[in-house]
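S.K.: Letter by letter, the sequence shown follows residues 4 to 264 in my numbering.
Glycine included, C-beta positions come from ideal geometry on N, C-alpha and C.
From a predicted model like this one, the values you see are computed outputs, not experimental measurements.
First the structure, then my questions, so here it is.
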Amino acid sequence: MDEIVVPADWVAERLDSPDTRVVDVREAWEYEGIGHLPGAVSVPFDEFRSEEDGEAGMLPGADAFGSLMGEAGVGDDDHLVAYDDTHGVFAARLLVTAELYGHPRDRLHLLDGDFSAWQREYPTTTDVSEVEPAEYRAAFDEDGPLVPIEAVREALSDPGTVIVDTREEREYEEGHLPGAVRLDWLELVDRESRGLRPDAENRETLESRGITPDRRVLLYCNTARRISHTYVVLRHLGYEDLAFYEGSLTEWEREGGDLVT
Numbered sequence: 004m005d006e007i008v009v010p011a012d013w014v015a016e017r018l019d020s021p022d023t024r025v026v027d028v029r030e031a032w033e034y035e036g037i038g039h040l041p042g043a044v045s046v047p048f049d050e051f052r053s054e055e056d057g058e059a060g061m062l063p064g065a066d067a068f069g070s071l072m073g074e075a076g077v078g079d080d081d082h083l084v085a086y087d088d089t090h091g092v093f094a095a096r097l098l099v100t101a102e103l104y105g106h107p108r109d110r111l112h113l114l115d116g117d118f119s120a121w122q123r124e125y126p127t128t129t130d131v132s133e134v135e136p137a138e139y140r141a142a143f144d145e146d147g148p149l150v151p152i153e154a155v156r157e158a159l160s161d162p163g164t165v166i167v168d169t170r171e172e173r174e175y176e177e178g179h180l181p182g183a184v185r186l187d188w189l190e191l192v193d194r195e196s197r198g199l200r201p202d203a204e205n206r207e208t209l210e211s212r213g214i215t216p217d218r219r220v221l222l223y224c225n226t227a228r229r230i231s232h233t234y235v236v237l238r239h240l241g242y243e244d245l246a247f248y249e250g251s252l253t254e255w256e257r258e259g260g261d262l263v264t
């Protein structure tokens, strides 16, 4: 399994490591006013997304992402640890964005839990971290897990692929891709610990929907962060053949696709 979802003690041991950069994706006022992990830098969620400038979906564009990461002191070969205060769903999006722009997969990590969970056991600070700019070379991976609408059409007739809708039940019932199974990302989260449920429980949940490691998994949603969290969890659990589609269902219908209600 990839060491992508990491416990707080793993992070605490590496806070002073020169090749590790901890990134807080909450809003700037939360980082400054409520506090943050010692040494963490602030890269708010809205800064690494764009409706118009990226290669696809809500991506910010390779040049913009490279500049953003470099200015935050993140090197393109650093161990990048991301966290938020919402069970990791926003932080997961930073990791997936970094992967799409070429960051080594084995150096992308999600704090298991979030800021509130960390605060229960470890110190925080309101001191703004000093940042030394770094070089971050970003290039969009055309062969990465983000797939175009044509790949979704092909997947509909592929028995080896399970299509997973990560939206809420109401959204799913209003219309979903033919054959798609629904998995709310929060089903994989322990509300008390604020991190993931035990791996065995999450595997049971996934496999009860036909989402098994021997099949290709194609995710879609109407928000990139929910796709990203599920993608990160699946990677953590050892799923290898993963893809996701970030176009809207409106686009799907406009291009002649059918929805099931």
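Quick check on DSSP: helix, strand or coil for Val184?
M.R.: Correct three-state label for Val184: strand.
S.K.: Return yes when the Cβ of Leu113 is within less than 9 Å of the Cβ of Arg94, no when it is not.
M.R.: Per the sequence shown, residue 94 should be read as Ala rather than Arg. Yes.
S.K.: Considering only DSSP beta bridges, list what His39 is partnered with.
M.R.: Thr128
S.K.: Given a threshold of 16 other Cβ atoms within 10 Å of its Cβ, counted over all protein chains shown, does Ser160 qualify as buried or as exposed?
M.R.: Ser160 should be labelled exposed.
S.K.: Tell whether a beta-carbon distance below 9 Å holds between Trp3 and Val155.
M.R.: This structure cannot speak to residue 3, because the chain is shown only from 4 to 264.
S.K.: Rounded to the nearest angstrom, how far is the Cβ of Ala142 from that of Tyr86, given a contact under 8 Å?
M.R.: Actually they are not in contact, since the Cβ atoms of Ala142 and Tyr86 sit about 26 Å apart, beyond 8 Å.
S.K.: Tell me which same chain residues have a C-beta within less than 6 Å of the C-beta of Glu157, skipping the five on either side of it?
M.R.: none
S.K.: Using a Cβ distance threshold of 8 Å, determine whether the stretch 201-218 contacts the stretch 127-134, with at least three qualifying pairs required.
M.R.: no
S.K.: Using only CA atoms, which one of Phe118, Arg123, Phe68, Leu180 lies nearest to Glu102?
M.R.: Phe68
S.K.: Leaving out the 5 sequence neighbours to the left and right, which residues in its chain are closer than 7 Å to Trp32 when beta-carbon positions are compared?
M.R.: none
S.K.: Tell me whether Ala67 sits in a helix, a strand or coil according to DSSP, three-state version.
M.R.: helix
S.K.: Using a Cβ-Cβ cut-off of 8 Å (strictly less than) and excluding sequence neighbours within five positions of Leu3, which residues of its own chain qualify?
M.R.: Since the displayed the chain opens at 4 and closes at 264, residue 3 lies outside it and no answer follows.
S.K.: For the alpha helix (DSSP H) that Tyr175 lies in, which residues bound it at each end?
M.R.: 172-177
S.K.: CA-CA distance, Glu176 and Asp187?
M.R.: 13 Å
S.K.: List the endpoints of the continuous alpha helix (DSSP H) containing Asp168.
M.R.: First-last for Asp168: 164-168, but that is the beta strand (DSSP E), not the alpha helix (DSSP H).
S.K.: Does the distance from the CB of Val165 to the CB of Ile230 come in under 9 Å?
M.R.: no
S.K.: Looking only at its own chain, which residues have a Cβ that is under 8 Å from the Cβ of Arg218, when we skip the five neighbours before and after it?
M.R.: Gly163, Thr164, Val165, Asp244
S.K.: Compute the distance between the beta-carbons of Asp81 and Asp117, then report whether it is under 9 Å.
M.R.: no
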